[in-house]
Amino acid sequence: MKLSGLEGKRVLITGASSGIGAGMAKVLAEAGCRLVLHFNRNASGIEETLNTVQEMGAEAEVLQCDFAQLETVRSFFDEAWQTFEGLDALVNNAGIVTKSLALKDPEGVQFNETLAVNLQAPYLLSTAFAQCCIEAKQGGAIVNNSSIHAQATCEWFSAYAASKAGMDAMTKAQAVEWGPYGIRVNVLAPGVVPVERTQAILSQPAMEKKWTQNMPMGRYGTPEEMGYATAYLLSDEAAWMTGSVLTLDGGLIARGNYPRRD
Ligand SMILES: NC(=O)c1ccc[n+]([C@@H]2O[C@H](COP(=O)([O-])OP(=O)(O)OC[C@H]3O[C@@H](n4cnc5c(N)ncnc54)[C@H](OP(=O)(O)O)[C@@H]3O)[C@@H](O)[C@H]2O)c1
123 MKLSGLEGKR VLITGASSGI GAGMAKVLAE AGCRLVLHFN RNASGIEETL
173 NTVQEMGAEA EVLQCDFAQL ETVRSFFDEA WQTFEGLDAL VNNAGIVTKS
223 LALKDPEGVQ FNETLAVNLQ APYLLSTAFA QCCIEAKQGG AIVNNSSIHA
273 QATCEWFSAY AASKAGMDAM TKAQAVEWGP YGIRVNVLAP GVVPVERTQA
323 ILSQPAMEKK WTQNMPMGRY GTPEEMGYAT AYLLSDEAAW MTGSVLTLDG
373 GLIARGNYPR RD
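For the sequence shown, this note's numbering gives the first residue as 123, with consecutive numbering after it.
Next up, the structure:
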């Protein structure tokens with residue numbers, strides 16, 4: 123069965139210059155979407171994503187914005203909205219994976235930066251998207267990219283986990299507010315997905331074993347798998363799905379922290 127409603131859909135994907143965002147872009151291009159591809163610093167990465175999706179026959183444009191500069195987010199969104207004279211979907215994927223002991227960040231500098239990029243910018247983008255959809259008298263779909271850290275976390279992650287737990291809660295509240303306007307809001311919770319940033323460390327055999335032995339599926343995820351889930355959430359087949367957290371982690375969270383029984 124082929125997913126419906128994706129052909130020609132105008133989708134803004136943030137953070138499409140590498141990793142999961144680039145994987146999402148490829149899958150959505152294959153499904154026939156028209157893409158506004160966002161990046162911040164990685165100009166060569168976004169060019170690669172752009173070339174790839176264009177070679178696949180997709181119509182795509184590139185826009186830059188630093189989401190740490192929150193005052194620039196609305197004008198960025200307005201430009202993205204105008205690119206194809208409107209948008210049908212927004213994928214809030216861009217994010218920073220910050221790691222610090224809370225005691226090493228007593229002023230909350232990194233905490234605040236993490237919340238700005240991972241939570242406040244998606245809030246501004248989603249709200250701008252909803253406003254524009256309502257004004258245009260059309261529905262829409264939002265996919266937020268959170269993390270399993272919103273559900274269970276560990277040392278060094280108070281900023282990151284807080285930002286992603288906030289994203290999960292925001293998703294539910296916005297799904298409730300915007301359901302009556304035909305705007306659906308869902309959130310992905312990926313587990314461990316090697317990307318350019320983490321490939322070298324995660325592919326070391328000892329590291330790979332440490333992680334994957336706790337994953338019932340016995341392997342890491344891929345950016346394309348996050349893309350397939352995104353495509354589903356944006357499709358007509360997910361028309362009744364809103365306010366949901368879709369966990370994609372090879373079973374890592376389901377397994378919990380029990381001792382292994384071999
Ligand atoms: N990989 C995983 O295992 C995993 C697991 C759970 C959740 N996630 C989430 O997946 C999303 C994508 O991460 P990734 O793993 O694919 O890492 P990545 O390859 O480092 O991608 C991060 C993206 O976010 C953009 N970004 C970073 N800081 C930004 C800023 N200040 N303003 C605007 N854009 C910014 C980056 O843009 P530039 O590089 O162009 O600056 C890049 O496109 C993140 O939200 C992350 O929390 C990842």
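Cβ atoms here follow ideal geometry from the backbone N, Cα and C, with glycine treated the same way.
None of the values given here were measured: they were computed from a predicted structure.
What are the start and end residues of the alpha helix (DSSP H) that includes residue i?
i, result
"Asn-379", "Neither: Asn-379 is in no alpha helix (DSSP H) and is coded neither H nor E."
"Arg-306", "It is not in any alpha helix (DSSP H) - Arg-306 instead sits in the beta strand (DSSP E) that spans 305–312."
"Gly-84", "Residue 84 cannot be examined here, being either before or after the span of the chain that is shown, 123 to 384."
"Gly-288", "280–300"
Between residue i and the rest of its own chain, which residues show a CB-CB distance below 6 Å, the 5 nearest in sequence each way excluded?
i, result
"Asp-188", "Asn-162"
"Gly-137", "Gly-143, Asn-215, Ala-216"
"Phe-198", "Cys-187"
"Thr-293", "Asn-266, Val-307, Val-309"
Taking only three categories from DSSP, how would you classify residue i?
i, result
"Ala-385", "The chain is shown from 123 up to 384; residue 385 falls before or after that span and cannot be answered."
"Ile-218", "coil"
"Val-149", "helix"
"Thr-369", "strand"
"Gly-167", "helix"
"Val-315", "coil"
"Glu-235", "helix"
"Arg-65", "Given that the chain is displayed from residue 123 to residue 384, the structure contains no residue 65 and the question cannot be resolved."
"Ala-263", "strand"
"Glu-113", "Outside the displayed range of the chain (123 to 384) lies residue 113, so it cannot be described from this structure."
Spatial neighbours of residue i within its chain, please: C-beta separation below 7 Å, excluding the five flanking residues on both sides.
i, result
"Ser-126", "Ser-357, Asp-358, Glu-359"
"Thr-174", "Lys-148"
"Gly-154", "Leu-128, Glu-129, Gly-130"
"Ser-139", "Phe-161, Asn-164, Gly-167, Ile-168, Thr-171"
Could you give the first and the last residue of the continuous beta strand (DSSP E) run that contains residue i?
i, result
"Arg-341", "Looking at the DSSP string, Arg-341 is not in any beta strand (DSSP E), and its letter there is neither H nor E."
Practice problem: Mind the definition here: the segment 204–212 touches the segment 267–275 only if three or more C-beta pairs lie below 8 Å; say whether that holds. | Solution: No, the segment 204–212 is not in contact with the segment 267–275.
Quiz item: So does the segment 274–291 actually touch the segment 332–345, counting three or more Cβ pairs closer than 8 Å?
Solution: no
Quiz item: Are at least three pairs of beta-carbons, each pair with one atom in the segment 297–315 and one in the segment 362–376, less than 8 Å apart?
Solution: Touching, yes.
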